[in-house]
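Visitor: Supplied in structure tokens, the structure appears directly below.
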Amino acid sequence: MKNLLQSLSRKGISIKLVGEKLQFFGDVSTLTESERQEIVENKANIVEFLKQHSGLTGITKRDQKLPNFASFSQGRLWFLDKLNGSSAEYNIPLYLKVEGQVNVIAVEQSLNKILERHQVLRTTYHEVDGEILQKITSIDELSFKVINIDLSHLSEDDLMVALENQISAETLTPFNLAKDVMLRASYIKTSKNSGLLLFNMHHIAADGWSMEILKREFFAFYKGEIEQKEVALSALEIQYADYAQWQRAYLDESKTNAQLSYWRGQLEDAPALHRLPVKGARPQRKNNEGMRYIQSIDAATASMLMQVSKQYKLTPFMLMHAMFSLLLSRHSNERDIIIGTPTANRSSQALESLIGFFVNTLALRVGTEHQTIVDYFEHIREVNVEAQANQDVPFEQLVEHLKIPRSLTHTPLFQIMLTTSNDYGVSKGETADASIPQLSLTNFIPQKVQAKFDLELDVHLSVDGGVLTWTYDVSLFDAERIERMSRHFSNLLTNLC
């Protein structure tokens with residue numbers, strides 16, 4: 001069974017277990033008839049193998065007699081929040097442009113139902129004897145309100161300034177992890193029939209996937225409030241605190257040692273910092289002020305890139321990883337490139353509808369010196385497949401194990417991130433519009449953002465075209481350099497086709 005799965009991995013195909021069903025990722029058109037037949041004949045064995053390999057079938061409600069420890073990822077964020085003095089670096093904001101009259105009371109009631117449903121949003125964090133514990137607040141003890149701001153009386157010029165100020169104020173206001181609800185909401189009225197809905201969650205309670213869950217459930221509950229109908233969402237089997245307790249038992253020494261051994265070898269003597277030219281000296285304390293630059297890929301080029309990925313038995317992400325690494329190599333004159341990328345870490349069906357901080361981060365280290373493009377792509381495939389096979393070790397444990405010094409100037413292991421909207425999130429396309437009764441909502445993306453990393457590239461690619469979103473730290477890069485890199489990247493992609 002292991003040989004079959006390894007054979008699929010070499011073709012860039014992975015299998016995920018969703019309930020009792022197998023979900024395939026990658027280009028399944030490359031499967032031979034005999035491989036297809038082998039999969040069909042061994043489906044039951046594959047399901048059982050994946051269950052045993054993941055161990056995720058064992059997540060059950062926690063033992064109330066045991067301490068309610070934070071997850072490993074939450075513990076690291078708590079430490080960083082303490083180190084940085086309660087910064088807004090790990091806020092996860094969402095802005096929705098609204099056309100139509102918003103019922104603020106219905107918004108409030110909808111969000112209160114979400115708070116009742118997801119305990120992690122009403123959880124606070126406290127240090128006890130050197131351990132970080134979760135304290136879940138009863139929904140009856142909360143008094144959650146939506147902040148209502150009316151700017152509709154302002155002139156157009158004054159409105160834009162005031163709106164920008166309100167967005168910045170919300171984005172840059174930190175959460176108190178020991179006291180606050182981990183969700184805030186505001187409605188800014190900009191005219192009689194339009195405005196902006198602002199949601200903000202702290203990363204200790206949520207991730208990118210969680211934001212999609214929040215949107216989906218908010219739309220459902222708001223519609224129910226307006227239509228005065230009960231909304232029957234599927235009951236949640238577990239809560240995040242159950243997962244956190246399970247994680248400590250699941251990631252025992254025997255499981256983590258083998259994976260830590262892989263990462264120790266993979267990241268031995270890795271460069272501490274990228275070598276991209278930056279403007280001036282790196283600030284002594286990272287301030288996370290960022291800007292975005294958005295670049296488009298035409299449909300013809302995007303379609304060709306999808307074909308190239310199939311030709312070389314790569315996933316689209318692997319192809320973009322390969323080309324982005326080449327770009328960084330040429331701009332930094334460095335052949336040893338490390339890029340971070342998130343993995344959803346929600347292999348259990350019980351986790352798919354749960355708001356929480358599940359995402360893990362993988363450090364992908366590649367060498368860009370190879371004799372042929374075929375050799376290079378094979379190297380890229382191998383790095384990605386092996387990283388996925390060793391993804392269970394929480395990033396914070398890896399950093400601790402490798403004894404990487406903490407720094408206020410930069411993130412550990414890597415400072416450049418590559419993400420893809422194609423494979424990350426509940427719905428297809430994070431910029432998808434949504435409609436609910438009497439309202440039309442579209443994602444609103446402000447130009448000024450928080451930059452957790454020095455540079456982040458988000459890729460959305462399909463046969464209809466693509467969007468590349470560059471988020472960069474303005475203390476390190478100026479717009480001219482990012483635009484120049486984006487043009488060079490576009491040339492690399494075009495020449496590949």
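Under full-length UniProt numbering, think of the first position of the sequence shown as 1, with each following residue one higher. Ideal placement from N, C-alpha and C gives every residue a C-beta, glycine not left out.
Hey, residue 142 and residue 122: beta-carbon distance below 8 Å or not?
Guide: If you number the sequence shown from 1, residue 142 lands on position 142. If you number the sequence shown from 1, residue 122 lands on position 122. Yes; because the gap between Cβ atoms is below 8 Å, this pair is in contact.
Visitor: What does residue 291 pair with, by DSSP beta-bridge criteria?
Guide: Taking the first residue of the sequence shown as position 1, residue 291 is located at position 291. In DSSP, residue 291 forms a bridge with 448 and 472.
Visitor: Hey, how far is the Cα of residue 492 from the Cα of residue 378?
Guide: Translated into positions along the sequence shown, residue 492 becomes position 492. Translated into positions along the sequence shown, residue 378 becomes position 378. Going from the Cα of residue 492 to the Cα of residue 378 covers about 18 Å.
Visitor: Quick one: residues in its chain with C-beta nearer than 7 Å to the C-beta of residue 233, no 5 flanking neighbours on either side, listed in chain order?
Guide: On the sequence shown, position 233 is the one that residue 233 refers to. So the list reads 217 and 220, once near-sequence residues are dropped.
Visitor: On a Cα-Cα basis, can you pick out the residue from 148, 158 and 184 that is closest to residue 195?
Guide: Taking the sequence shown and counting its residues from 1, the one referred to as residue 195 is at position 195. The candidate whose alpha carbon is nearest that of residue 195 is 148.
Visitor: Quick one: what does DSSP say residue 500 is sitting in, helix, strand or coil?
Guide: Here the chain comprises residues numbered 1 to 497, so residue 500 is not present and cannot be evaluated.
Visitor: Who are the Cβ neighbours of residue 189 in its own chain at under 6 Å, not counting the five residues just before and after it?
Guide: Residue mapping note: residue 189 aligns to position 189 of the sequence shown, counting from 1. 150, 152 and 195.
Visitor: In the structure shown, what three-state DSSP assignment does residue 75 receive?
Guide: Residue 75 sits at position 75 when you count from the first residue of the sequence shown. Helix, per DSSP.
Visitor: What distance in whole Å lies between the Cβ atoms of residue 183 and residue 83, which are believed to be in contact at a cut-off of 8 Å?
Guide: Here residue 83 corresponds to residue number 83 of the sequence shown, with the count starting at 1. Here residue 183 corresponds to residue number 183 of the sequence shown, with the count starting at 1. Actually they do not touch by this definition, with Cβ atoms about 24 Å apart.
Visitor: For residue 339, which residues does DSSP report across the bridge?
Guide: By 1-based counting over the sequence shown, the position of residue 339 is 339. Answer by DSSP bridge pairing, in chain order: 364.
Visitor: Can you name the start and end residues of the alpha helix (DSSP H) that residue 486 belongs to?
Guide: On the sequence shown, residue 486 is found 486 positions in, with the first residue counted as 1. That run of the alpha helix (DSSP H) goes 479-496.
Visitor: Please state the DSSP three-state secondary structure of residue 201.
Guide: For the purposes of this step, residue 201 is taken as residue 201 along the sequence shown, with counting starting at 1. Reduced to three states, the DSSP call for residue 201 is strand.
Visitor: Helix or strand or just coil, what does DSSP make of residue 242?
Guide: Counting from 1 along the sequence shown, the entry for residue 242 is found at position 242. Note: residue 242 maps to helix in three-state DSSP.
Visitor: Determine the burial state of residue 299: buried for a count of at least 16 other Cβ atoms within 10 Å of its Cβ, exposed for fewer.
Guide: Along the sequence shown, read from residue 1 onward, the residue named residue 299 stands at position 299. By the 10 Å Cβ count, residue 299 comes out exposed.
Visitor: Which of the three DSSP states is assigned to residue 321 in this structure?
Guide: Translated into positions along the sequence shown, residue 321 becomes position 321. If DSSP states are grouped into helix, strand and coil, residue 321 belongs with the helices.
Visitor: Taking buried to mean at least 16 other C-beta atoms within 10 Å of its own C-beta, is residue 341 buried or exposed?
Guide: Position 341 of the sequence shown holds residue 341. Classification for residue 341: buried.
Visitor: Ignore the nearest five residues each way along the sequence and tell me which others in residue 485's own chain have a CB closer than 7 Å to its CB.
Guide: Numbered from 1 along the sequence shown, position 485 holds the residue referred to as residue 485. Contacts found: 327 and 331.
Visitor: Would you kindly work out how many angstroms separate the C-alpha atoms of residue 375 and residue 310, rounded to a whole number?
Guide: Along the sequence shown, read from residue 1 onward, the residue named residue 375 stands at position 375. Along the sequence shown, read from residue 1 onward, the residue named residue 310 stands at position 310. Roughly 16 Å separates the two Cα atoms.
Visitor: Please name the residue, chosen from 73, 130, 37 and 372, that lies closest to residue 399 on a Cα-to-Cα basis.
Guide: The count along the sequence shown starts at 1 and reaches residue 399 at position 399. Considering only alpha carbons, the answer is 73.
Visitor: Give the secondary structure of residue 13 by DSSP, where H, G and I count as helix, E and B as strand, and everything else as coil.
Guide: Residue 13 sits at position 13 when you count from the first residue of the sequence shown. Correct three-state label for residue 13: coil.
Visitor: Can you name the residues that DSSP bridges to residue 196?
Guide: By 1-based counting over the sequence shown, the position of residue 196 is 196. Answer is 97 and 188, bridged to residue 196.
Visitor: Going by C-alpha distance, which of 303, 393, 457 and 363 is nearest residue 519?
Guide: In the structure as shown, the chain begins at 1 and stops at 497. Residue 519 is therefore absent and cannot be evaluated.
Visitor: So which of 202, 37 and 266 has the shortest CA-CA distance to residue 172?
Guide: Position 172 of the sequence shown, counted from the start, is the residue given in the question as residue 172. Out of 202, 37 and 266, 202 has the C-alpha closest to the C-alpha of residue 172.
Visitor: Would you call the segment 241-249 and the segment 56-71 in contact, with 3 or more CB pairs under 8 Å?
Guide: Contact holds: three or more Cβ-Cβ distances are below 8 Å.
Visitor: Near residue 275, what residues of its chain come up, given a Cβ to Cβ distance below 6 Å and the 5 sequence neighbours on each side ignored?
Guide: If you number the sequence shown from 1, residue 275 lands on position 275. The answer, listed in chain order, is 332 and 334.
Visitor: Does the count of Cβ pairs from the segment 456-463 and the segment 400-420 closer than 8 Å reach three?
Guide: Yes: at least three Cβ pairs fall under 8 Å.
Visitor: What are the boundary residues of the beta strand (DSSP E) that includes residue 355?
Guide: Locating residue 355 in the sequence shown gives position 355, where the first residue counts as 1. Here residue 355 belongs to no beta strand (DSSP E), and DSSP marks it neither H nor E.
Visitor: Is it true that the segment 152-166 meets the segment 200-215, where meeting means three or more beta-carbon pairs spaced less than 8 Å apart?
Guide: Touching, no, given that fewer than three Cβ pairs across the two stretches are closer than 8 Å.
Visitor: Could you check how far apart the C-beta atoms of residue 292 and residue 166 are, in whole angstroms? I think they sit under 8 Å.
Guide: Locating residue 292 in the sequence shown gives position 292, where the first residue counts as 1. Locating residue 166 in the sequence shown gives position 166, where the first residue counts as 1. Not quite, the Cβ-Cβ distance comes to about 19 Å (not below 8 Å), so this is no contact.
Visitor: Below 6 Å CB to CB, which residues in the same chain sit around residue 489 once its five sequence neighbours on both sides are set aside?
Guide: Reading the sequence shown from its first residue, position 489 is the one you call residue 489. Counting only Cβ-Cβ distances below 6 Å, and skipping sequence neighbours, we find 327.
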